[in-house]
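Peer 1: First the structure, which I've put down as structure tokens, then a few questions once you've had a look.
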Amino acid sequence: MMGAPRPKVSQGLLQDFILESLQFKSMNYREQGIAQAHGSSFEWIFNESSVAGHSAAAGGMENLSFPKWLSTSELGNIYWITGKPGSGKSTLMRYLSIHANTIRYLRTWAGDSELMVAGFYFWTSGSEEQRSQTGLLRSLLYQLLSSQPSLIAKVFPEKWQKLGAMTTKDRIATTLEWTTPELIEAFRSFLDAEVEQAAKICLFVDGLDEFDGDHETIIHFFRDVAEGRHASRVKLCLSSRPWEVFERAFEYKVPNLKLQASTSQDMLRYTIDRLSQNDKVRQVMVQDPDLARHLVQTTVEKASGVFLWVRLAVRELLRRFDNDDNARVADMRDCVLSLPTDLDELFEVLVFKNQSEAQLAESSRLFRLVRAREFVADFIKDDSATSLSLWELAFARNGETDDALVLEGRSVQQETKDAVTQRCVDTRDWALRRSVGLLDVQALPRGGNAFARPRFAQDKEAPEAEEFTQHRVTYLHRTVRDWLILSADNCVWTRLESADNGQAADPFDPHLRLLRSYVLQMKHPVEEPEQHRRLDEWYPGIALALSHARYVMHDPGCLETRFINELEKTISWYWRSKGTGFNDHWARNCFGTYEERLGRKLVIPYPFLTLCTKFGLQRYVLESLDTLAELPPESHLETQSETEPDPRIDQIGQDGGQVEGTPLLHRALEFLCSRQKTIYPLSTLSLVRGLLEYSHKYPSHNLLTPLIGSPNQAFSSTLLKRKDVTPWIMALRHVRDAKRRGWIEPFETDPAGTERWTSILRCLLVTGGADRGAIIKKDQWDPEVTAAGVLGRGGLLESFGDFWVENKLVPMLTDGA
């Protein structure tokens, strides 16, 4: 008998699902982080004639009227804005994209047609999506389709059909993957579909030079849009640095503006306004107005069109003369004249020459904290966490006092609003002071993209203190990050790190500080703490903290393990236990789905220790094993949270419960050749070797022997759907799968590639005594094969032509070896 037909899914629900999937967390961060135009800056661009009073050269494309380009089709589809690094291109692009005059002129061009405006800001310092073509297209499609949701079914027909056929349960569990070719085709489909709507579209795309890919590719994409069959309905306002690849494409072919030639008056007004806002400096300038005018003019002239230089120079003047009772305008002028005109040289002076050793050491720590977070967030693909929040930095910047605060045994307790605000103010002021103006603190974007109409309900107004904690610490400008990280031979970063070496009394490791910061944030919540079972609310922070723990290099106080234990205890406080007697530790929910865990019936022994093994936390894992070994059997229960029962139950245990048998050794080998798009790191030789040594150290321990495992120790796994396999056989299966799926490549020179995983396999053979005659059973993709058939002479990898495979691994699996 056939079941009742499935209810038809509402179109609005599918539209919202696809729109939410196109969105990514950091989509608006760059746009919202760009400085707003100062006062009346950039108003000149709306002059009806040529730009900023400049006359367009005969037959040339420079300085042609921007209003004319907006309001007519006479000047073509593309307008290119270029300028020196720091000249204000991004600020101008944001100003133009939201200005009422822009929309007014565009409506003249659109006539009776609907007008659609969207934009994107490439950002090399941001997440992968913020600097890729995939991110560009996801953002543009989200904005455009938010205004025309009825077109989503035409733009994504396959996804629409697939999602419509799913049950609600399956759809909720689905995560849509987006590829660049698919998104390009979707963008073209949108333009095709808009033919019927007859809409006019204007796109503002900033920072083509910050695109993390082939710049010719992105140029070709925009040319294709501008010159294709939809050319009459599309305008593109693009900006970039004046690199040769962009000059070839745009300088003599489309209307363009060289920004540094047009902003001298804007910089004059900015300098006068900022200096006049300071009472002390204003009084000094009033005493000698002629020399004050010369000071301002000198500042602007030295900037050579680079707005960033003016901003930093003015900041330096205010810093030096704010509290100087004997200040003179002549001294201020001499200060400006002493500053180098080159940005990199200016950064050098501000950071390394104008600070004391103690101040430089603090600057070093601040920049290293910022860089450590940027690195880890990129590693686990958490684009919302690339920049530190003020609250994160607040709990990372101090030394021993905050170390003690983690370990004092205090339970979770909400911070008062006054305490939160004061800590944030102190941290903000410290960050701006010790970064010498090279970092900025910005409010986290709230609401939707400026281009897109609101589509989803917004949260109620956040309390002032709570909102303050989420302000982000970011680089003032791309040139700052480039100077810090991309200097020749990495000399700037090396010098910055060495500047803190003298602070032996207060040892510092940025990753250890950020691990500690997460624990303190959870112990000192801004909002009233709520105990619940929604692990996904905490897991992004847990993943960041445990990833930071993996990179700790300097820990003379042996704090890493203690901080990780406090993390486990703190999350256990938040976790609302069912109290049914089953294994109910929160980390258990990090493994498999609810169905794969058999509801609450599958017991996962020591799930937090297992999770830390997957994160590659060698010190913590091995120290925890020693701790377990020292406890009497009846105390093993106490090493986990009070809600977790003894994991050493029978294979079919209490109320029919089962025990997950996967040993830690397999967890350490899961990502032998590829991370497989997970947040977990690749397997490391040091952790695998450590576990093998511990399996020898505790060869017949009732708890540790099965928990650690060994290469030839058979186990069965409910989660992995495997019976009677060994860590060695599973590692061989992984290599076989990696070969078939293209996860490994021949002639690889990266030490983290073939050299790493072949060394791990050698270690399993030499140290672990892995079975050279092991057999990997056939499956639906591959036939049955021996270990030698995978790794030995004539095996799957022999044709690789790789040194590490042929000379270090193959001989060990060859007859007679």
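In terms of the working numbering, the sequence shown opens at residue 28 and continues consecutively. Ideal Cβ placement from N, Cα and C applies to all residues, glycine included.
Is the distance from the Cβ of Glu427 to the Cβ of Thr413 below 8 Å?
Peer 2: Cβ distance not < 8 Å, so Glu427 and Thr413 don't count as in contact.
Peer 1: Are at least three pairs of beta-carbons, each pair with one atom in the segment 803-812 and one in the segment 750-769, less than 8 Å apart?
Peer 2: Yes, they touch.
Peer 1: Whole angstroms are fine: how far does the CA of Leu344 sit from the CA of Met312?
Peer 2: About 12 Å.
Peer 1: Taking the alpha-carbon positions, what's the Ser701 to Ile771 distance?
Peer 2: Roughly 8 Å between the two C-alpha positions.
Peer 1: If we count the other Cβ atoms within 10 Å of its Cβ and call it buried at 16 or more, is Pro583 buried or exposed?
Peer 2: When all chains shown are included, Pro583 counts as exposed.
Peer 1: Spell out a yes or no on whether the segment 631-651 and the segment 683-697 are touching, meaning 3 or more CB-CB pairs, one atom from each, closer than 8 Å.
Peer 2: Contact holds: three or more Cβ-Cβ distances are below 8 Å.
Peer 1: Taking the CB atoms as reference points, tell me whether Arg461 and Ser411 lie closer together than 8 Å.
Peer 2: No.
Peer 1: Starting from the Cα of His575, find the closest Cα among Pro552, Tyr601, Asp563 and Asp536 and give me that residue.
Peer 2: The option with the nearest alpha carbon to His575 is Asp536.
Peer 1: Is it buried or exposed, Thr99, if we count other Cβ atoms within 10 angstroms and call 16 or more buried?
Peer 2: That one is exposed.
Peer 1: With DSSP as the reference, please indicate the residues paired to Gly110 in a beta bridge.
Peer 2: For Gly110, which the question treats as bridged, DSSP gives no partner whatsoever.
Peer 1: Is Val378 close to chain D, meaning its C-beta is less than 8 Å from at least one C-beta of that chain?
Peer 2: In the structure shown, chain D does not exist; there is a single protein chain.
Peer 1: Inspect the beta-carbon positions of Leu652 and Pro738 and report whether they are closer than 8 Å.
Peer 2: No, they are not a contact pair.
Peer 1: Measuring alpha carbon to alpha carbon, tell me which of Leu471, Asp829 and Ser786 ends up nearest Glu491.
Peer 2: Checking every option, the nearest Cα to that of Glu491 belongs to Leu471.
Peer 1: With a 10 Å radius around its C-beta and 16 neighbouring C-beta atoms as the bar for buried, classify Asp611 as buried or exposed.
Peer 2: Buried, because 16 or more other Cβ atoms sit within 10 Å of the Cβ of Asp611.
Peer 1: Could you check how far apart the C-beta atoms of Val439 and Trp600 are, in whole angstroms? I think they sit under 8 Å.
Peer 2: Val439 to Trp600, Cβ: 5 Å. Contact.
Peer 1: Which residues does DSSP list as the beta-bridge partners of Ile299?
Peer 2: Bridge partners of Ile299: none, in fact.
Peer 1: Met839 by DSSP, collapsed to three states: which one?
Peer 2: Met839: helix per DSSP, three-state reduction.
Peer 1: Is the beta carbon of Lys227 sitting closer than 8 Å to the one on Ala137?
Peer 2: Contact: yes.
Peer 1: If you run the structure through DSSP and keep just helix, strand and coil, what is Arg424?
Peer 2: In the structure shown, Arg424 sits in coil (DSSP, three-state: anything other than H, G, I, E or B).
Peer 1: When you compare each of Asp351, Arg355, Asn353 and Leu366 to Val341 by their alpha carbons, which one comes out closest?
Peer 2: For the residues Asp351, Arg355, Asn353 and Leu366, the minimum Cα distance to Val341 belongs to Leu366.
Peer 1: In chain order, what are the residue ranges of uninterrupted alpha helix (DSSP H) at least 4 long that sit wholly in the segment 112-159?
Peer 2: Those alpha helix (DSSP H) runs which fall completely within the segment 112-159 and span 4+ residues are 116-125 and 127-137.
Peer 1: Starting from Ile802, follow its DSSP beta bridges and name the residues at the other end.
Peer 2: Ile802 pairs with Thr813.
Peer 1: Taking 8 Å as the cut-off, does the segment 435-450 touch the segment 317-334 (at least 3 CB pairs, one atom from each stretch)?
Peer 2: They do not touch, by the three-pair rule.
Peer 1: Could you pull the DSSP bridge partners for Lys227 from this structure?
Peer 2: Looking at the DSSP assignment, Lys227 forms a beta bridge with Leu142.
Peer 1: State yes or no: is the C-beta of Arg395 within less than 8 Å of the C-beta of Glu524?
Peer 2: A contact, by the Cβ cut-off of 8 Å.
Peer 1: Do Ile179 and Leu190 have their C-beta atoms closer together than 8 Å?
Peer 2: Not closer than 8 Å, so no.
Peer 1: When burial is assigned at 16 or more other CB atoms within 10 Å of the CB, is Tyr621 buried or exposed?
Peer 2: With fewer than 16 other Cβ atoms within 10 Å, it is exposed.
Peer 1: Exposed or buried, what is Arg505 when buried is set at 16 or more other beta-carbons lying within 10 Å of its beta-carbon?
Peer 2: Flag for Arg505 reads buried.
Peer 1: Along the chain, where does the beta strand (DSSP E) containing Val500 start, and where does it finish?
Peer 2: Segment Arg499 to Tyr502, the beta strand (DSSP E) holding Val500.
Peer 1: Measure the C-alpha to C-alpha separation of Gln740 and Lys628 and round it to an integer number of angstroms.
Peer 2: Roughly 25 Å between the two C-alpha positions.
Peer 1: Assuming Gln59 is part of the alpha helix (DSSP H), what are its boundary residues?
Peer 2: Segment Tyr56 to Gly60, the alpha helix (DSSP H) holding Gln59.
Peer 1: Give the single residue among Pro184, Leu295, Met294 and Tyr707 whose Cα lies nearest to the Cα of Tyr861.
Peer 2: As shown, the chain starts at 28 and ends at 844. That puts residue 861 outside it, with no answer to give.
Peer 1: For Val793, count neighbouring Cβ atoms within 10 angstroms of its own Cβ and tell me buried if that reaches 16, exposed if not.
Peer 2: Per the 10 Å Cβ criterion, exposed.
Peer 1: Just list the alpha helix (DSSP H) runs in the segment 305-341, keeping only unbroken ones of 4 residues or longer that don't cross its boundaries, in chain order.
Peer 2: 306-314 and 316-330, all fully within the segment 305-341.
Peer 1: Taking the Cβ atom as the reference point for each residue, do Leu692 and Ile735 lie within a distance shorter than 8 Å?
Peer 2: Their beta carbons are under 8 Å apart, which means Leu692 touches Ile735 by this criterion.
Peer 1: Does DSSP put Gln386 in a helix, a strand or coil?
Peer 2: Three-state DSSP puts Gln386 in a helix.
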